[in-house]
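What follows is one structure encoded as structure tokens, with my remarks underneath.
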Amino acid sequence: MARESVLASGAWAAAHIDEPGTVFLETGNSDSDYRKGHVPGAVWIGWDEFQDGLRLGLVDAAAFEELLSAKGIANDDTVVVYSANLNLLAAPVFWYFRLYGHREVKLLDGGREKWQRDGHPLTAEETVRPATGYRAGPPDTSIRATRDDVLAAIGSANLIDVRTPDEYAGRVFAPGFAGEAFAPGNSPHDVAQRAGHVPGAVNLEWEGALDPDGTFKSTEALERVYGRLDPARGSITYCWVGARSAHSWFVLSELLGRPDVRNYDGSWGEYGSLIGVPVERGD
Numbered sequence: 642m643a644r645e646s647v648l649a650s651g652a653w654a655a656a657h658i659d660e661p662g663t664v665f666l667e668t669g670n671s672d673s674d675y676r677k678g679h680v681p682g683a684v685w686i687g688w689d690e691f692q693d694g695l696r697l698g699l700v701d702a703a704a705f706e707e708l709l710s711a712k713g714i715a716n717d718d719t720v721v722v723y724s725a726n727l728n729l730l731a732a733p734v735f736w737y738f739r740l741y742g743h744r745e746v747k748l749l750d751g752g753r754e755k756w757q758r759d760g761h762p763l764t765a766e767e768t769v770r771p772a773t774g775y776r777a778g779p780p781d782t783s784i785r786a787t788r789d790d791v792l793a794a795i796g797s798a799n800l801i802d803v804r805t806p807d808e809y810a811g812r813v814f815a816p817g818f819a820g821e822a823f824a825p826g827n828s829p830h831d832v833a834q835r836a837g838h839v840p841g842a843v844n845l846e847w848e849g850a851l852d853p854d855g856t857f858k859s860t861e862a863l864e865r866v867y868g869r870l871d872p873a874r875g876s877i878t879y880c881w882v883g884a885r886s887a888h889s890w891f892v893l894s895e896l897l898g899r900p901d902v903r904n905y906d907g908s909w910g911e912y913g914s915l916i917g918v919p920v921e922r923g924d
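Quick note, in our numbering, the sequence shown goes up one by one and the last residue is 924.
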């Protein structure tokens with residue numbers, strides 16, 4: 642897949658502001674930065690708005706439709722998603738759109754930080770778009786892995802743990818926390834009963850796909866990063882809550898065009914609390 646079909650450069654984005662049929666979407670944990678200034682015309686949808694707090698995980702199709710309709714996003718719009726922190730939360734939102742069948746969606750390369758560093762315009766004016774009648778497609782199960790898929794993939798597919806080496810090895814239970822204790826945060830996703838990794842998983846941190854300015858590395862450089870993975874085996878990415886792993890899924894599936902790449906959005910928050918499943922520790 643051509644990079645330009647899934648990545649929007651700053652120059653491309655600046656040229657398409659206010660263009661009919663193009664919608665910019667900023668996401669994140671808090672709208673505080675959005676309220677101070679955002680890409681002109683961008684709507685805000687918090688990452689938590691995509692989450693079902695009762696069932697845990699992504700909202701169902703009906704709630705997805707309701708959310709996008711209220712924000713004025715139509716099925717035929719080209720949606721350009723971005724966030725702070727190197728697009729960490731924009732990547733899973735991209736994946737959500739793909740999961741529900743929205744084909745015209747891009748990431749703003751470099752995210753919010755690069756847009757600001759490059760001196761592109763910002764506005765503090767909240768964007769309100771006319772409501773639409775968005776319709777989600779059936780979930781694309783070819784890009785989503787379940788816990789059963791992960792268990793079946795042990796020893797037969799590329800299992801890619803994109804967390805830090807300490808998380809992977811089980812030296813810390815969650816970033817910044819030593820030993821075995823509940824992880825911090827307000828989301829139930831942040832809780833797991835034990836540390837470690839899925840047996841046979843390789844540790845390839847998600848940030849390894851990025852250049853120092855936060856943009857994605859060239860195709861040739863990405864091939865070197867992920868060259869140890871056999872594309873014929875299929876791949877499942879996972880992290881703690883499915884966000885970092887969605888970023889790596891984007892690289893493998895959308896930028897490198899690898900076949901059979903799935904994101905395990907349950908990730909370690911789910912797997913680490915399952916009873917009886919195999920777990921490894923150590924580098």
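Positions of the beta carbon are idealized from the N, C-alpha and C atoms, including for glycine.
In the displayed model, L727 falls within a helix according to three-state DSSP.
If you look at T764, you'll find it isn't in any beta strand (DSSP E); DSSP assigns it neither H nor E. In the displayed model, S876 falls within a strand according to three-state DSSP.
With contacts defined as CB atoms closer than 8 Å, I784 and L740 qualify as a contacting pair.
Look at the beta carbons and you see the stretch 867-886 touching the stretch 898-908: at least three pairs across the two are nearer than 8 Å. G687 has its alpha-carbon roughly 16 Å from the corresponding atom of D701. DSSP places L792 inside the alpha helix (DSSP H), whose first and last residues are 788-794. In the three-state reduction of the DSSP assignment, D674 falls in the helix class, which pools H, G and I. Looking at the DSSP output, A649 sits in a beta bridge with L749. With contact defined as three or more Cβ pairs closer than 8 Å, the stretch 715-732 and the stretch 658-676 are in contact. According to the DSSP assignment, E864 belongs to the alpha helix (DSSP H) that extends over 860-866. Each residue's CA atom was taken as its position, placing A794 and P919 some 12 Å apart. Nearest Cα to T782 within the set Y737, G713, G752: Y737. Counting the other CB atoms within 10 Å of its CB gives K755 a total of 16 or more, which places it among the buried residues. DSSP places D807 in no beta strand (DSSP E) but in the uninterrupted alpha helix (DSSP H) bounded by 806-810.
Cβ neighbours of A732 within its own chain (closer than 6 Å, five residues either side excluded): A887, H888, F891. Excluding residues up to 5 positions away in sequence, E667, W685 lie with their Cβ nearer than 6 Å to the Cβ of Y675 in the same chain. Under the DSSP assignment, L800 falls in the beta strand (DSSP E) whose first and last residues are 799-802.
E921 is bridged by DSSP to H838.
If the five residues before and after L749 are omitted, its C-beta is found closer than 6 Å to the C-beta atoms of A649, A654, V721, Y723, all from its own chain and listed in chain order. The residue from H743, A842, T787 with its alpha-carbon nearest to that of P806 is A842.
Within the same chain, and ignoring the five residues on either side of R788 in sequence, the residues whose Cβ sits closer than 7 Å to its Cβ are G907, E911, Y912, L915. Between N716 and the set S673, A862, H743, L896, the nearest pair of CA atoms involves H743.
Residue pairing for Q692: DSSP places it in a beta bridge opposite L699. Comparing alpha-carbon positions, the option among L729, K712, V803, E706 lying closest to E767 turns out to be K712.
Our two residues, R644 and D924, have alpha carbons roughly 33 Å apart in a direct line. Counting the other CB atoms within 10 Å of its CB gives G694 a total below 16, which places it among the exposed residues.
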